[in-house]
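Worksheet: the structure to be examined is printed underneath.
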Amino acid sequence: MGTELGKYKVCVSARSTDKEIMWKAQDGGIVTSLFAFALEHGIIDGAIVAGPGARPWQPRPFIATTREELLSARGTKYNISPQVSWLKEATRSFGLDKVGIVGTPCQMQAVRKAQLYPVGMRDVPDKVALAIGIFCMENFPYKSIQMIVEDHAGTKLQATKKMEIGKGKFTVITERGKSIALPLKITHKYEQPGCHVCLDYVANLGDISTGSVGSPDGWSTVFIRTKKGEETWNKAIAAGCFETKPIEQVKPGLDLVSKLANEKISKNKKTVEERATFGVNKALRNPYL
Amino acid sequence: MQSFKKTLTGEEPKAAAKPAEVKTEKKAEPKKEEKPVANKITVGHVHMSGCTGCLVSLADNYLGLVKILDDYADLVYGLTLADVRHIPEMDVALVEGSVCIQDHESVEDIKTTRKKAKVVVAVGGCASYGNITRFARGGQVNQPQHESFLPIGNLIDVDVVIPGCAPTPQLIRNVCVMAYLLLRGTEEQKALAGKYLKPLMALAKRGTTACFCDLMNDVINQGLCMGCGSCAAACPVRAITHEFGKPQGQRDLCIKCGACYGQCPRSFYNFEVMDEFEGILELIDGAMK
Ligand SMILES: Cc1cc2nc3c(=O)[nH]c(=O)nc-3n(C[C@H](O)[C@H](O)[C@H](O)COP(=O)(O)OP(=O)(O)OC[C@H]3O[C@@H](n4cnc5c(N)ncnc54)[C@H](O)[C@@H]3O)c2cc1C
Ligand code: SF4
Ligand code: SF4
Ligand code: SF4
Numbered sequence: 013m014g015t016e017l018g019k020y021k022v023c024v025s026a027r028s029t030d031k032e033i034m035w036k037a038q039d040g041g042i043v044t045s046l047f048a049f050a051l052e053h054g055i056i057d058g059a060i061v062a063g064p065g066a067r068p069w070q071p072r073p074f075i076a077t078t079r080e081e082l083l084s085a086r087g088t089k090y091n092i093s094p095q096v097s098w099l100k101e102a103t104r105s106f107g108l109d110k111v112g113i114v115g116t117p118c119q120m121q122a123v124r125k126a127q128l129y130p131v132g133m134r135d136v137p138d139k140v141a142l143a144i145g146i147f148c149m150e151n152f153p154y155k156s157i158q159m160i161v162e163d164h165a166g167t168k169l170q171a172t173k174k175m176e177i178g179k180g181k182f183t184v185i186t187e188r189g190k191s192i193a194l195p196l197k198i199t200h201k202y203e204q205p206g207c208h209v210c211l212d213y214v215a216n217l218g219d220i221s222t223g224s225v226g227s228p229d230g231w232s233t234v235f236i237r238t239k240k241g242e243e244t245w246n247k248a249i250a251a252g253c254f255e256t257k258p259i260e261q262v263k264p265g266l267d268l269v270s271k272l273a274n275e276k277i278s279k280n281k282k283t284v285e286e287r288a289t290f291g292v293n294k295a296l297r298n299p300y301l
Numbered sequence: 003m004q005s006f007k008k009t010l011t012g013e014e015p016k017a018a019a020k021p022a023e024v025k026t027e028k029k030a031e032p033k034k035e036e037k038p039v040a041n042k043i044t045v046g047h048v049h050m051s052g053c054t055g056c057l058v059s060l061a062d063n064y065l066g067l068v069k070i071l072d073d074y075a076d077l078v079y080g081l082t083l084a085d086v087r088h089i090p091e092m093d094v095a096l097v098e099g100s101v102c103i104q105d106h107e108s109v110e111d112i113k114t115t116r117k118k119a120k121v122v123v124a125v126g127g128c129a130s131y132g133n134i135t136r137f138a139r140g141g142q143v144n145q146p147q148h149e150s151f152l153p154i155g156n157l158i159d160v161d162v163v164i165p166g167c168a169p170t171p172q173l174i175r176n177v178c179v180m181a182y183l184l185l186r187g188t189e190e191q192k193a194l195a196g197k198y199l200k201p202l203m204a205l206a207k208r209g210t211t212a213c214f215c216d217l218m219n220d221v222i223n224q225g226l227c228m229g230c231g232s233c234a235a236a237c238p239v240r241a242i243t244h245e246f247g248k249p250q251g252q253r254d255l256c257i258k259c260g261a262c263y264g265q266c267p268r269s270f271y272n273f274e275v276m277d278e279f280e281g282i283l284e285l286i287d288g289a290m291k
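Quick note, the sequences are listed as chains D and S, same order. The opening residue of the first sequence carries number 13 in the numbering used here; numbering runs sequentially from there. The opening residue of the second sequence carries number 3 in the numbering used here; numbering runs sequentially from there.
Set out below in structure tokens:
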């Protein structure tokens, strides 16, 4: 396909040099470290992150304006966190002029739509200072995560230390160190339907996007995509925030990222097409027309 | 994209951007031209029954509005702004407010607007959907006068819709710039403007009612919602919250402005425009300098 990874200037494998952040980061601690750096250097006034919510492993989007708050949001919660719901409030109630936001590829699409077609997003377009996209194959409603962890993995959400998707498995790791790996075949039916028309895997519209795929454990694959992204990234590198390796020198490398991106996009394109002839002369709606 | 920007700022298009050259070129450029800009489009603000909030939004572009009136558009009609009594011929009519059908003159005015304007833009919720001038609920009870107001699309064909209450200064600005490019630009600019305006033209064809229910019917119940949160951010009356990641609308608060549906990335999403977000945002930025 050739467009599956979106536009980017550079792609590297990287991990944070900040021990405190790495302690609880999902992968290479890219998101938290970059926001912490940007906050400290006035590149952003705050960032919309997915912090702890009312229930165990339920995310709650909020506007972090301190390093401590950023750190409280480390790690991936595999269920929906409506990040963009705070985008206008960040500029109004919170008075931020330079907003950071992290989100899935669809949320990066939402951010860019808010900038290009600000239907209700008054004064937002000029205030997005750093949008970090995270790779995403699918997401789950909260109830699904409950079923996956409690019914399939047979453990408690409260007792879960980390969840990971990778190498064809949904892995639940408990506080006591037990690791339960479920084949993704089991979890597919719990995905939210909206993900099945999604045509972006590596957050093509982030200023920077990152995920675990393509890099060794504990490292992240990072795409630097826009001028804003490049500027911030270069400053962070100069300040020693990250160790990096050329993506060509790590295993499994970009080939795997491309492969997965193509798989996702072609599967979901097929879904979009099937929706067009779903009934007898009746279509399900196509948002891309 | 480079050539869009160049022609817009009146510079000679060049083969490739060389930062160093651009700098010297800028220095050599003579002070701002004195002669009036001949190639402007003509724009009118047609005030039907609205609260003038839409006009205030247009004005909230501050220097951007001055720039628009200096370089891109002559204001040929506008209550209190242009000393013109009868609706003249114009390229673009920005219509604010719904039509009071008890008032013969209003009905005639909107029909005249259609005859005299090449492009009719419904600016804001009242012109587009009736909004608060009709029985929108929004915490109110049904009142007799609600029955007197119709969105302009019930009386004339509308070309472009800008939903929202108030519509954002930035979307009005973008539509003005794109209308200029569409009518006066190079072939390439015309193509871009056409692509940009297409979904807002499709919204005009979609109908003259809006509601939170649009999200329920055409996004959520079509299996398209992915929980980004844009709708909640867009809603001017905070009628939308998210429960377990999905929008929850208080329909009794909803004033039927259409912002949520218009902002939702799963109402319309045009890759050919969105993928170029960085260039287009720079283009609009450049046009405002
Ligand atoms: C639903 C989902 C699916 C993913 N699928 C893949 C995949 O298929 N392949 C892959 O390589 N990577 C995937 N990722 C990304 C990966 O899990 C890590 O989030 C990413 O590598 C960042 O790690 P980090 O160490 O840099 O971030 P950290 O420094 O640990 O920070 C993580 C950041 O992610 C944010 N976050 C956590 N949960 C959510 C959420 N639900 N929605 C929005 N933001 C959130 C937090 O606010 C935090 O700022 C997925 C992430 C999510 C949320
Ligand atoms: S798969 Fe797509 S739609 Fe679903 S959460 Fe990920 S980016 Fe969003
Ligand atoms: S904006 Fe659309 S996709 Fe996003 S949460 Fe609202 S309804 Fe769902
Ligand atoms: S829910 Fe809010 S944004 Fe949507 S139409 Fe109603 S008032 Fe407008």
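Note that beta-carbon positions come from the ideal geometry of N, C-alpha and C, so glycine has one too. It should be emphasised that the depicted structure is a prediction, and the values quoted were computed from it without experimental measurement.
Inset, instruction - For chain C, find out if any of its Cβ atoms is closer than 9 Å to the Cβ of D:Y300; answer yes or no. - result: Among the protein chains in the structure shown, which are D and S, there is no chain C.
Legend entry - Check whether D:Q10 and D:G145 have beta carbons under 9 Å apart: Look at the range of chain D in this structure, 13 to 301, and you will see that residue 10 of chain D is not part of it.
Legend entry - chain S contacts from the stretch 104–121 of chain D (Cβ-Cβ distance under 7 Å): In summary, the residues of the stretch 104–121 of chain D whose CB is separated from some CB of chain S by less than 7 Å are C118, Q119, Q121, in the order they occur in the chain.
Inset, instruction - Look at the Cβ atom of D:R237, then the Cβ atom of D:G41, and state whether they are nearer than 9 Å. - result: no
Inset, instruction - Would you please verify whether the beta carbon of S:Q224 is less than 9 Å from any beta carbon of chain D? - result: yes
Inset, instruction - Taking 9 Å as the cut-off, decide whether the C-beta atoms of D:V303 and D:I157 are in contact. - result: Missing from the structure shown is residue 303 of chain D; chain D here goes from 13 to 301 and no further.
Legend entry - Sequence-distant residues of its chain with Cβ nearer than 7 Å to S:G140 (five each side left out): I134, V239, L255, C256, I257
Inset, instruction - Identify which residue in D:V140, D:K89, D:A288, D:A26 has its Cα closest to the Cα of D:V184. - result: Ranking D:V140, D:K89, D:A288, D:A26 by Cα distance to D:V184 puts D:K89 first.
Legend entry - Reduced DSSP category for D:G115 - H, G, I as helix; E, B as strand; rest coil: strand
Inset, instruction - May I ask which residues mark the beginning and end of the beta strand (DSSP E) holding S:P249? - result: 248–251
Legend entry - D:V161 versus D:K168: straight-line alpha-carbon distance, rounded: 7 Å
Inset, instruction - Verify the CB distance criterion: does S:G140 have a CB-CB separation below 9 Å to chain D? - result: no
Legend entry - Segments of 3+ residues assigned as beta strand (DSSP E) that fall wholly inside the stretch 223–278 of chain D: 232–236, 254–258
Inset, instruction - Verify the CB distance criterion: does S:L77 have a CB-CB separation below 9 Å to chain D? - result: no
Inset, instruction - Evaluate the contact criterion for the stretch 212–227 of chain S versus the stretch 99–114 of chain D: three or more CB pairs, one atom per stretch, below 8 Å. - result: For the pair of segments examined, the stretch 212–227 of chain S was found not to touch the stretch 99–114 of chain D: the number of CB pairs separated by less than 8 Å stays below three.
Legend entry - Chain-ordered residues of the stretch 188–217 of chain D with a beta carbon less than 9 Å from chain S: Q204, P205, G206, C207, H208, V209, C210, L211, N216, L217
Legend entry - Test: S:M92 CB closer than 9 Å to a CB of chain D: no
Inset, instruction - Give a single yes or no on whether D:N274 has its beta carbon closer than 8 Å to a heavy atom of ligand 2. - result: no
Legend entry - Inter-residue Cα distance where the pair is D:K8 and D:F147: Only positions 13 to 301 of chain D appear in the structure, and residue 8 of chain D is not among them; the question remains open.
Legend entry - Any non-hydrogen atom of ligand 4 closer than 8 Å to D:Y129 Cβ: no
Inset, instruction - At 8 Å on the CB atoms, spell out the chain D contacts of S:I296, in chain order. - result: Residue 296 of chain S is absent from the model: chain S starts at 3 and stops at 291.
Inset, instruction - Check each candidate in D:S278, D:T44, D:N293, D:W69 and name the one with the smallest Cα separation from D:T172. - result: D:W69
Inset, instruction - Return yes when the C-beta of D:S45 is under 8 Å from any heavy atom of ligand 1, and no when it is not. - result: Checking every heavy atom of ligand 1 against the Cβ of D:S45, one is found closer than 8 Å.
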